[in-house]
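Colleague:
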DNA sequence: CTGAAAGCGCTTACAG
DNA sequence: CTGAAAGCGCTTACAG
């Protein structure tokens, strides 16, 4: 079929020029066909399409990018400074939802990292990324500032950035904390402690703020040392719980700002023979898969990572495609009640 | 500093041509400086570098790709046909290790999906990806075949592909199963069941094969119905365990081909009041973070996802950079013994 | 409806 | 050591 086409190298690739030659039309026409433009006769288009099909031609995206000044690429930036990049199941869902939304709008995802050589702003610019989505970066990051200043459409997940072309998407973290406290209060708990996440992250800050407000609203003072800091991971929840249990008057309920930390707390409680939820009730945050599967199953605030990612993706393509204003969105979280606060089965007393 | 440079649009970007003009040299010279080439006087280079620095110039990757015929991009393909793409913590680690290795060799990662429009081969080609890493794809996939045929450097993780420029990296799955059986046999277990993963995946196939061989080697017949199928996720482990428990003679040990399924099995066992490990011992596969944190903690075969990703990344860049032969690698797995097979603390009998 | 030409931002022989 | 020119594969006015 291909006649005398010689295999110059392993990867000699068909070009638009070749398609034009073989279908006996000009390059402009082939270009129009590829881009689905009107103004091409059916007959011509069919002929060109046939050749394209036969040669399995795919346009060269790089060449197209040079001309159009847009790449169809969105850069996703992960900060893997403090924590392992994708270790948090929550971020996985975010990435998943983000990717899905982007793909459905015809964009592809470039995975960048904060600590990459040259900085992610340079990398994003190098690849002519049409927009950037940042996950887990902290405010005040010079790279972030440069990005915002460069007016490149950007949205941050779980960080509060603002600019003419920069916005954010996060969960309603404060409300989550408020829900947790209300739930525990309704169960008769009055000595509630919090195990907070990484202090320099927006979610940790907002959850702590919500916790404080709710405690005050319900007229419950926060006992000394009842605001423990953690880092979102198991170990820190375990340690924090041990510190809480070593107090003269331990809490009767704990609000952990992540399920992983809640699981660590559960572990510490079980080791000390403290009954959950009778003696201490535990609420987590995220609704990770294992929250349903651990024992006791974990009451938690479900945040929809996939939806967050999807929302960010849609917002960013809307900015690129329709010059939409940057988002400023807080998605609702839902309290999922399980055994760690209210046992479904009656437990034997001993 | 920039004199009369007007902000033509939001994103008028500095070009090499502009750098040349402002430093009073030719474009070729600027190009040489950027690419660190020799044959430029120190004086000239410094002058050019100063201008580049002041204008925060970053080369246009797309234009460079058009000329060089290589993009510096490696496409990572996830199959999200059957399972949620990144839901498996194991794949997270793989992605993490892969990204790290690629970055350290100067490559960036493009995230593609199997079910994307046009197929991943087209997308990879469109972006002039220099290589492709496939994660969780199944053999016989036409897209995979096309990729292999196209001689584009490719490595599959957990799938067995081979070609002049295509190889694979996986764990030593069969050996993992052998270790599991040996461990259980040493503990006196003789009625061992397996809960297998998705049947069309390489890991599931190899783990089952290893299991059969080991059972035979130890002279233990596999009882009828003791080969249960699962899909790597919790639920399927739970269901499989219930089926096993409903038998007249249930197993005294279970080898689950993923930690998630093992956790599901644990749940079923606890619901039925079956003691683990006294009555039934459980071994998982992966060593997910929660294997350490669940109760009882889970004996499992640790596979190093990050190392697998890293190995694949290095192999693929070696193919691109040094025309290295494609990899065919099985990384060792390590048995981590925990409470689900041998309790560390003596348990009270009741 | 169609094609020749110019040009996107780079790199790479080719001369000097 | 340095620069002018050609060309990578595309798209986009501009003519017809």
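Protein chains in written order, with our numbering: chain A, 58 to 407; chain B, 58 to 407.
Ideal Cβ placement from N, Cα and C applies to all residues, glycine included.
As the structure is a computational prediction, the values presented were derived from the model and not from experiment.
#1: Just checking: is the beta-carbon of residue 122 of chain B within a distance shorter than 9 Å of some beta-carbon in chain A?
#2: If you drop the 5 nearest sequence neighbours on each side, which residues of the same chain put their C-beta closer than 8 Å to that of residue 372 of chain B?
#3: Roughly how many whole angstroms lie between the Cα atoms of residue 136 of chain A and residue 202 of chain B?
#4: Using CA coordinates, which residue listed in A/205, A/389 and A/125 is at the minimum distance from residue 359 of chain A?
#5: Going along chain B in order, which residues have a C-beta closer than 9 Å to the C-beta of residue 115 of chain A?
#6: What does residue 191 of chain A pair with, by DSSP beta-bridge criteria?
#7: State yes or no: is the C-beta of residue 337 of chain A within less than 9 Å of the C-beta of residue 240 of chain A?
#8: Is there a C-beta anywhere in chain A that falls below 9 Å from the one on residue 291 of chain B?
#9: Look at residue 280 of chain B and residue 150 of chain B and say whether their C-beta atoms are less than 9 Å apart.
#10: Beta-carbon of residue 399 of chain A versus every beta-carbon of chain B: anything under 9 Å?
#11: What three-state label does DSSP hand residue 122 of chain A in the structure shown?
#12: Report the residues of the region 149-161 of chain A with a CB closer than 8 Å to any CB of chain B, ordered along the chain.
#13: According to DSSP, is residue 395 of chain B helix, strand or coil?
#14: Counting pairs of beta carbons, one from the region 101-112 of chain B and one from the region 166-176 of chain A, are three or more of them closer than 8 Å?
#15: Measure the beta-carbon distance from residue 246 of chain A to residue 310 of chain A and round it to whole angstroms, keeping in mind my assumption that it falls under 8 Å.
#16: Just curious, the beta strand (DSSP E) that residue 169 of chain A is in, first and last residue?
#17: Alpha carbon to alpha carbon, what distance is there between residue 148 of chain B and residue 276 of chain B?
#18: Please go through the region 298-348 of chain B and give each complete alpha helix (DSSP H) segment of 4 or more residues, from N-terminal end onward.
#19: Are the region 187-201 of chain B and the region 188-200 of chain A touching by the rule of at least three beta carbon pairs closer than 8 Å?
#20: Determine, for residue 329 of chain A, whether the minimum Cβ-Cβ distance to residues of chain B falls below 9 Å.
#21: Rounding to the nearest angstrom, what Cα-Cα distance links residue 367 of chain B and residue 312 of chain B in this structure?
#22: Per DSSP, residue 253 of chain B forms a beta bridge with which residues?
#23: Using 8 Å for Cβ pairs, my map puts residue 249 of chain B next to residue 238 of chain B. What's the rounded Cβ distance?
#24: If you follow the beta strand (DSSP E) that residue 90 of chain A is part of, which residue opens it and which one closes it?
#25: Mind checking residue 397 of chain B: buried by the 16 CB within 10 Å criterion, or exposed?
#26: Does the CB of residue 324 of chain A have a neighbour CB from chain B at under 9 Å?
#27: With a threshold of 9 Å between beta carbons, is residue 342 of chain B in contact with chain A?
#28: Under 9 Å, Cβ to Cβ, is there at least one residue of chain A near residue 357 of chain B?
#29: Please list, in chain order, the chain A residues whose beta carbon lies closer than 7 Å to that of residue 119 of chain B.
#30: Could you give the distance in angstroms between the alpha-carbon of residue 90 of chain A and the alpha-carbon of residue 115 of chain A?
#31: So, at 6 Å on beta carbons, what are the nonlocal neighbours of residue 288 of chain B in its own chain, with the 5 sequence-adjacent residues on each side left out?
#32: Is the beta carbon of residue 117 of chain A closer than 9 Å to that of residue 194 of chain A?
#33: With DSSP as the reference, identify every bridge partner of residue 228 of chain B, one or two as the case may be.
#34: How would you list, in chain order, the residues of chain B whose beta-carbon sits under 9 Å from the beta-carbon of residue 350 of chain A?
#35: Given a cut-off of 9 Å on the beta-carbon distance, is the pair residue 183 of chain B and residue 175 of chain B in contact?
#36: Could you please give the first and the last residue of the uninterrupted beta strand (DSSP E) stretch that includes residue 357 of chain B?
Modeller: To lay it out plainly:
#1: yes
#2: 212, 224, 226, 381, 383, 384 and 386
#3: 35 Å
#4: A/389
#5: Per Cβ cutoff of 9 Å: 175, 178, 179, 180, 182 and 183.
#6: A/134 and A/213
#7: Taking 9 Å as the Cβ cut-off, residue 337 of chain A and residue 240 of chain A do not qualify as a contacting pair.
#8: Under the 9 Å criterion on CB atoms, residue 291 of chain B is classed as interfacial with respect to chain A.
#9: Cβ atoms of residue 280 of chain B and residue 150 of chain B: not closer than 9 Å.
#10: no
#11: Note: residue 122 of chain A maps to helix in three-state DSSP.
#12: 149, 150, 152, 153, 156 and 160
#13: Here DSSP, grouped into helix, strand and coil, assigns residue 395 of chain B to coil.
#14: no
#15: 4 Å
#16: 165-170
#17: 35 Å
#18: 316-328
#19: no
#20: no
#21: Near 28 Å, if we compare the C-alpha coordinates of residue 312 of chain B and residue 367 of chain B.
#22: B/286
#23: 6 Å
#24: Taken as a continuous stretch (DSSP letters only), residue 90 of chain A belongs to no beta strand (DSSP E), being part of the alpha helix (DSSP H) at 84-91.
#25: buried
#26: yes
#27: no
#28: no
#29: 119, 122, 123, 128 and 185
#30: 13 Å
#31: 255
#32: no
#33: DSSP lists B/388 as partners of residue 228 of chain B.
#34: 291, 295, 317, 320, 321, 323, 324, 347 and 351
#35: A contact, by the Cβ cut-off of 9 Å.
#36: Its beta strand (DSSP E) spans residues 356-359.
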